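Note that this note's numbering gives residue 104 to position 34 of the sequence shown, counting from 1, and the numbers run on in steps of one.
Read the structure below first, then the notes.
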Amino acid sequence: MRSRFSINNYSNLGQRAITALFGALIIVGGCIYSDYTYFLVFAGILGFSQMEFYKLSGLDGMLPLKSFGTFLGLMIFCLTFLVEKEHLSMKYFYLIFPIVSLTFFIKLYRKTDKKPFTGVAYTFLGLFYVAVPFSLLNLAVFSVDATYNYQIIIGCLLILWASDTGAYFAGTKFGKTKLFERVSPKKSWEGFLGGAFSAIGVAFVLTRYFHVIEDWKWLVIAGIIIIAGTYGDLIESLFKRSIEIKDSGKGLPGHGGFMDRFDGLLLSAPFITAFLKIF
Numbered sequence: 071m072r073s074r075f076s077i078n079n080y081s082n083l084g085q086r087a088i089t090a091l092f093g094a095l096i097i098v099g100g101c102i103y104s105d106y107t108y109f110l111v112f113a114g115i116l117g118f119s120q121m122e123f124y125k126l127s128g129l130d131g132m133l134p135l136k137s138f139g140t141f142l143g144l145m146i147f148c149l150t151f152l153v154e155k156e157h158l159s160m161k162y163f164y165l166i167f168p169i170v171s172l173t174f175f176i177k178l179y180r181k182t183d184k185k186p187f188t189g190v191a192y193t194f195l196g197l198f199y200v201a202v203p204f205s206l207l208n209l210a211v212f213s214v215d216a217t218y219n220y221q222i223i224i225g226c227l228l229i230l231w232a233s234d235t236g237a238y239f240a241g242t243k244f245g246k247t248k249l250f251e252r253v254s255p256k257k258s259w260e261g262f263l264g265g266a267f268s269a270i271g272v273a274f275v276l277t278r279y280f281h282v283i284e285d286w287k288w289l290v291i292a293g294i295i296i297i298a299g300t301y302g303d304l305i306e307s308l309f310k311r312s313i314e315i316k317d318s319g320k321g322l323p324g325h326g327g328f329m330d331r332f333d334g335l336l337l338s339a340p341f342i343t344a345f346l347k348i349f
């Protein structure tokens, strides 16, 4: 009898490779095909990531508004996308404030909450930590001539993935000097340097093929991702360590959850967007 294919039959490295391949094909294909497929792909990533964050917060005894908080995050993402596409006027951003304020009204009627304002705080934290960075990506991809350009988002992702991959293999092979042992005992300076060299290498390749922005900007973006991405990884490790879990979820075999895979992007996106908008 022929056995069915199961990704769980592979080693952790095999699972990482298969998940990374299929995930990259979906993300890169979606970004290249059109701005609307890019929108759908990242709206999905945002939704799963924010639900993971709220689920983990619940494990630590917090009671954020999971469904409503995720709805708010997707609403902010949709608004920024439509405003950047010039389908909506910027005045519609003012809708965010009264709708987000509904969180207080909902918590007021939750009789079982012993610490309602803690739940409110974690609902808002999910927006700032997850939804806002993903929403800022919309500003980045429309930053050149106010038109969508897939080269920006794909370039950033390729640098981020190169950094993560280089850090993983260099750390596994050569890692001895601890980078931040209190928060993440497995991370090493050797892994950090391996990720940095990989990211800079990919940035140099991008200067040859992606000309939507000046060459030096790709190198600056690589520097941002190397530093902010590493801190993003450490910050998520600190969050997971505080609630004594290893992975944020099980949605991505070999990688853990969506937050495990995109934690570097969460902290890099605000810096990348600010850099592209200012310069």
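We put the CB at the ideal spot given by N, CA and C, even for glycine.
A quick note: this is a predicted structure, and the numbers were derived from the prediction, not measured.
field: Of the residues Leu207, Leu304 and Leu263, the one placed nearest Ala344, counting alpha carbons only
entry: To locate residue 344, count along the sequence shown from 1; it is residue 274. Nearest Cα to Ala344 within the set Leu207, Leu304 and Leu263: Leu207.
field: Test item: CB-CB of Thr193 and Gly131 under 8 Å
entry: Working through the sequence shown from its first residue, we reach residue 193 at position 123. Working through the sequence shown from its first residue, we reach residue 131 at position 61. Their beta carbons are not under 8 Å apart, which means Thr193 does not touch Gly131 by this criterion.
field: Inter-residue CB distance, Leu249 and Phe262 (contact presumed, cutoff 8 Å)
entry: Residue numbering aside, residue 249 sits at position 179 when the sequence shown is read from its first letter. Residue numbering aside, residue 262 sits at position 192 when the sequence shown is read from its first letter. That belief holds up - the Cβ atoms of Leu249 and Phe262 are roughly 6 Å apart, short of 8 Å.
message: By alpha-carbon positions, which one of Ser127, Ala90 and Leu95 ends up nearest to Glu314?
response: Stepping through the sequence shown from its first residue, residue 314 is reached at position 244. Among Ser127, Ala90 and Leu95, the Cα nearest to that of Glu314 belongs to Ser127.
task: Could you please give me the residues that DSSP links to Ser254 through a beta bridge?
output: As a position in the sequence shown, residue 254 is number 184, starting the count at 1. Ser254 is bridged to Phe250.
field: Own chain, CB closer than 6 Å to Val352, minus 5 neighbours either side, in chain order
entry: Past the boundaries of the shown model lies residue 352; the chain is included only from 71 to 349, so the question cannot be answered.
message: Here's the rule I'm using: 16 or more other beta-carbon atoms within 10 Å means buried, otherwise exposed. How should Asp234 be labelled?
response: Working through the sequence shown from its first residue, we reach residue 234 at position 164. Buried.
field: Limits of the unbroken alpha helix (DSSP H) element including Leu197
entry: As a working mapping, residue 197 is identified with position 127 in the sequence shown. No alpha helix (DSSP H) contains Leu197, which DSSP labels as neither H nor E.
task: Could you tell me whether the stretch 241-248 touches the stretch 167-184, using the rule of 3 or more Cβ pairs below 8 Å?
output: A contact between stretches requires three or more CB pairs, one per stretch, nearer than 8 Å, and the stretch 241-248 fails this requirement with the stretch 167-184.
task: With a threshold of 16 other CB atoms inside 10 Å of the CB of Thr300, please say whether the residue is buried or exposed.
output: Taking the sequence shown and counting its residues from 1, one reaches residue 300 at position 230. Thr300 counts as buried, since no fewer than 16 other beta carbons sit within 10 angstroms of its beta carbon.
query: Considering only C-alpha positions, which residue in the set Phe341, Leu336, Cys101 and Ile222 is nearest to Gly302?
result: Counted from its first residue, the sequence shown places residue 302 at position 232. Out of Phe341, Leu336, Cys101 and Ile222, Leu336 has the C-alpha closest to the C-alpha of Gly302.
Neighbourhood of Phe69 by C-beta distance below 8 Å, restricted to the same chain and skipping five residues each side: Outside the modelled stretch of the chain, which goes from 71 to 349, sits residue 69, for which no answer is possible.
task: Would you identify the three-state DSSP class for Arg72, choosing helix, strand or coil?
output: Indexing the sequence shown from 1 puts residue 72 at position 2. Because Arg72 carries a pLDDT of 46, less than 50, the predicted location of this residue cannot be relied on, and the following value inherits that uncertainty. It is coil, neither helix nor strand.
message: If I measure Cβ to Cβ from Leu116 and keep anything under 7 Å in the same chain, skipping five residues before and after, which residues do I get?
response: In the sequence shown, counting from the first residue as 1, residue 116 sits at position 46. Excluding sequence neighbours, Leu116 sits near Gly143, Leu144, Phe147, Val200, Ala201 and Phe204.
task: Would you tell me roughly how many angstroms separate the C-alpha atoms of Ile295 and Tyr179, rounded to the nearest one?
output: Position 225 of the sequence shown, counting from 1, holds the residue named residue 295. Position 109 of the sequence shown, counting from 1, holds the residue named residue 179. Near 42 Å, if we compare the C-alpha coordinates of Tyr179 and Ile295.
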